[in-house]
Each structure stands twice: as C-alpha cells, then as structure tokens.
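Asks:
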Amino acid sequence: MIFNSVLRKMYAEYQSPIRYYLNFNDDFIDVNQLISRKISIEHVGNQCKSCGLDKPIFRMGFCQSCFYTVPEASPSIINPELSMAHLGKEQRDLEWEKKFELQPHIVYLALSGGLKVGVTRGVQVPTRWIDQGASNAIVLAETPNRYEAGMIEVLLKDSLADKTNWQRMLKNQNPEVDLVQTKEEVREKLSEEQQEMYVEDNKIWEFEYPIEHYPSKVKSLTLAKHPKIEGVLAGIRGQYLYFESGEVFNVRNHEGHVVEFTV
Ligand SMILES: [Zn+2]
C-alpha cells in the first residue's frame, strides 16, 4: 500500500504499550501493526503547516517566512517565560496568544533519558510526555497561564535539564531518580507565590513503548540527507520510528514534508 501525504506528528493513545497512529489525509494508520514489516518513506514535496505552499520546510513544519510570522512558532512557544498575553501585550497575534497562553499549564518532572523539567498545557497531559519518549513523569505545579509555568521552569533550569537527552532516551538509558523525592526537593526553591501552585498529588505516570529490543547505538536519519528511508520497523518511542538497523526517524521533526509512505 502506498500513501501520499504530508507528515504530521503521530497521534498517541495512552495504553500499555502506547498505541501510535499516523494521520495520512483520510487514512488513519495503526503504526504498532507495522512493527516487523518493511516500510519506506520517500520525500516527494513540502506543504507548510501554515501557508500550505510547497516551499522548503524551515523549522517546526513551517516554511521560513511563516516560521518568523505565525503565533504557533513565536519564541514563547519554546520559552514559555517570554509569554505576554497575561499582560494583554501582543507578540504576533494577541487573540491567538490569549487562547493559547491563558489556560492552565503544568510544570512537570520527567525521565526521558535523563531528569528534566518542562512546561505544557494541561490538555496536553499525558500526550506531551509520550511525544518526548518519557518513561516516567510527575506533575510539579499547575499554573493559571503559560507565563507563570515558564517562570517556575526558569527557576529550576539551573539545577535540572530542560531538554530531552534523545540519544539516551532512544537507548532506554535512564538514571536512577526518585521523582517524588526530587519533587519535594525542588519545592523548597519555589517562591511563596509559586508554592501555592504546587500540586500535592504524587502520582507517577508510567509509559511503556512498543519496542522489544532497544538498540545499543542509534543513528538519526533525516529526509534532507536521505530522501528515501526504508527498512523493517522495529519499534516506536516518543515520535521516533526505530528500524532494525538501529537507525531512527523522528516523525514530528518532519512535519510539513510530503512523503510517499509505502508498507
Ligand atoms: Zn508557509
């Protein structure tokens, strides 16, 4: 079967193991069912996530001009502390920013190849953690908007990483960390105002991915360097497809690329 479609990030369902789906225009593909089968992904064009034009994808699924103008790619997306909608100040599109930023956000601790702190919208739980390939996560604080969550993250960045160590995550190498204990330790660093947003519930989220054998070495392939990628699908974690060769392909990083996907 051949599907010709723009790539979008995989849709994930929180089950054990996680279930993944690819959304190819009108077809919804169950990716777990493709494990052990040969697939190929060939780059045949582009479709910017905003303007829809066949222009080279610059970052986050957008062409260069959209990347620098659309609210979905503004600097506060990567750095929540730069959010300004709570002040009524526009960055790129105030109405969009108000909707996006002025909603409950959470600050979390996750194990994804290492211990990290992160911010996401409340509605993105637990999707955000699955997208990062986290093995465990715990909610640290819940804030009324994106800015407050970003401020907590900034405060904790000194002592905790804020990026996923993707190489280690893909090899399933996690440090021995007690998330509850770490959460209690970082509580002390919060200001009085931030302490009020601290979440007492110490539920530890666990994620199991559809992969049996983790590779000892991983090599990430991009369509820019390898316009046609093929191999036997060995498993899935985060937004990565693993091939039996130990090569991996990040679906989300290729949003906006039009591909011919063959099973
Ligand atoms: Zn565009």
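Note that our numbering numbers the sequence shown so that position 231 is 233, with each residue one more than the last. Note that CB positions come from ideal geometry on N, CA and C, so glycine has one too.
Assuming the contact rule is C-beta atoms closer than 8 Å, S78 and Q93 should be a hit. Round their C-beta distance to whole Å, please.
Replies: In the sequence shown, counting from the first residue as 1, residue 78 sits at position 76. In the sequence shown, counting from the first residue as 1, residue 93 sits at position 91. Sure, about 6 Å apart at Cβ, within 8 Å.
Asks: Is L104 helix, strand or coil by DSSP?
Replies: As a first step, residue 104 must be located in the sequence shown, where it is residue number 102. In the structure shown, L104 sits in coil (DSSP, three-state: anything other than H, G, I, E or B).
Asks: What I want to know is whether the C-beta of K101 ends up closer than 8 Å to one or more non-hydrogen atoms of ligand 1.
Replies: Start at 1 with the first residue of the sequence shown, and residue 101 comes out as number 99. No, ligand 1 has no heavy atom inside 8 Å of this Cβ.
Asks: Taking L96 as the reference, give the member of S114, T71 and E214 with the closest Cα.
Replies: Numbered from its first residue, the sequence shown carries residue 96 at position 94. When only C-alpha atoms are compared, the closest one is T71.
Asks: Please tell me whether, using a cut-off of 8 Å, the distance from the CB of S52 to the nearest non-hydrogen atom of ligand 1 is below it.
Replies: As a first step, residue 52 is located in the sequence shown; it is residue number 50 there, counting from the start. Yes, Cβ of S52 sits closer than 8 Å to a heavy atom of ligand 1.
Asks: Enumerate in chain order the residues of its own chain whose CB-to-CB distance from W207 is below 6 Å, with the five nearest sequence positions on each side excluded.
Replies: Taking the first residue of the sequence shown as 1, we reach residue 207 at position 205. Hits under 6 Å: P128 and A139.
Asks: Identify every run of the beta strand (DSSP E) within the segment 213-257, keeping only runs that are complete inside it and at least 3 residues long; order them along the chain.
Replies: 221-223, 230-239, 242-245 and 249-252
Asks: Please return the same chain residues whose Cβ sits closer than 6 Å to the Cβ of E210, not counting the five positions on each side in sequence.
Replies: Reading the sequence shown from its first residue, position 208 is the one you call residue 210. Hits under 6 Å: S18 and P19.
Asks: Please confirm if the segment 214-231 is in contact with the segment 187-199, defined as three or more CB-CB distances below 8 Å between the two stretches.
Replies: Too few Cβ pairs lie closer than 8 Å, so no.
Asks: Identify which residue in R130, Y149, A136 and G54 has its Cα closest to the Cα of K100.
Replies: If you number the sequence shown from 1, residue 100 lands on position 98. If you compare the alpha carbons of R130, Y149, A136 and G54 with that of K100, the shortest gap goes to Y149.
Asks: Suppose only complete runs of 4+ residues qualify. What are the alpha helix (DSSP H) ranges in the segment 87-166, listed by chain order?
Replies: 96-103, 129-133 and 148-159
Asks: Quick one, which of L243, Y244, A143 and V253 has its alpha-carbon nearest K205's?
Replies: As a working mapping, residue 205 is identified with position 203 in the sequence shown. Here the closest residue by C-alpha is A143.
Asks: Just the Cα atoms here: how many angstroms apart are C53 and E178?
Replies: Indexing the sequence shown from 1 puts residue 53 at position 51. Indexing the sequence shown from 1 puts residue 178 at position 176. In this model, C53 and E178 are separated by some 45 Å (Cα to Cα).
Asks: By the 10 Å Cβ neighbour count, where 16 or more other Cβ atoms means buried, how is R39 classified, buried or exposed?
Replies: For the purposes of this step, residue 39 is taken as residue 37 along the sequence shown, with counting starting at 1. Exposed is the label assigned to R39, since fewer than 16 other Cβ atoms lie within 10 Å of its Cβ.
Asks: If the criterion is Cβ atoms closer than 9 Å, does the pair I41 and P212 meet it?
Replies: Here residue 41 corresponds to residue number 39 of the sequence shown, with the count starting at 1. Here residue 212 corresponds to residue number 210 of the sequence shown, with the count starting at 1. Their beta carbons are not under 9 Å apart, which means I41 does not touch P212 by this criterion.
Asks: With L24 as the anchor, note down where its beta strand (DSSP E) starts and where it stops.
Replies: Reading the sequence shown from its first residue, position 22 is the one you call residue 24. Run containing L24: R21 to F26, per the beta strand (DSSP E) assignment.
Asks: Since I believe L172 is in contact with V220 (beta carbons under 8 Å), could you give me their beta-carbon distance rounded to a whole number of angstroms?
Replies: Locating residue 220 in the sequence shown gives position 218, counting from the first residue. Locating residue 172 in the sequence shown gives position 170, counting from the first residue. Right, their Cβ atoms sit about 5 Å apart.
Asks: Whose CA, out of V201, N6, M12 and R21, lies closest to the CA of N27?
Replies: To locate residue 27, count along the sequence shown from 1; it is residue 25. Closest option to N27, Cα to Cα, is N6.
Asks: Is D1 near Y16, with beta carbons less than 9 Å apart?
Replies: The requested residue 1 does not occur in the structure, where the chain is confined to residues 3 to 265.
Asks: Starting from A14, follow its DSSP beta bridges and name the residues at the other end.
Replies: Along the sequence shown, read from residue 1 onward, the residue named residue 14 stands at position 12. Y22, per the DSSP bridge assignment.
Asks: Check this for me: beta carbons of H228 and I59, under 9 Å apart or not?
Replies: As a working note, residue 228 is residue 226 in the sequence shown. As a working note, residue 59 is residue 57 in the sequence shown. In this structure, I59 does not lie closer than 9 Å to H228 by Cβ.
Asks: Is L55 near ligand 1, in the sense that its beta carbon is under 8 Å from a heavy atom of that ligand?
Replies: Residue mapping note: residue 55 aligns to position 53 of the sequence shown, counting from 1. Indeed, a heavy atom of ligand 1 lies less than 8 Å from the Cβ.
Asks: Once you ignore the five residues that flank E232 on each side, which residues in its own chain have a CB closer than 6 Å to its CB?
Replies: Numbered from its first residue, the sequence shown carries residue 232 at position 230. Answer for E232: S42, listed in chain order.
Asks: Measuring alpha carbon to alpha carbon, tell me which of P73, R170, R123 and D164 ends up nearest G115.
Replies: Taking the first residue of the sequence shown as 1, we reach residue 115 at position 113. Comparing alpha carbon positions, the residue from P73, R170, R123 and D164 closest to G115 is R170.
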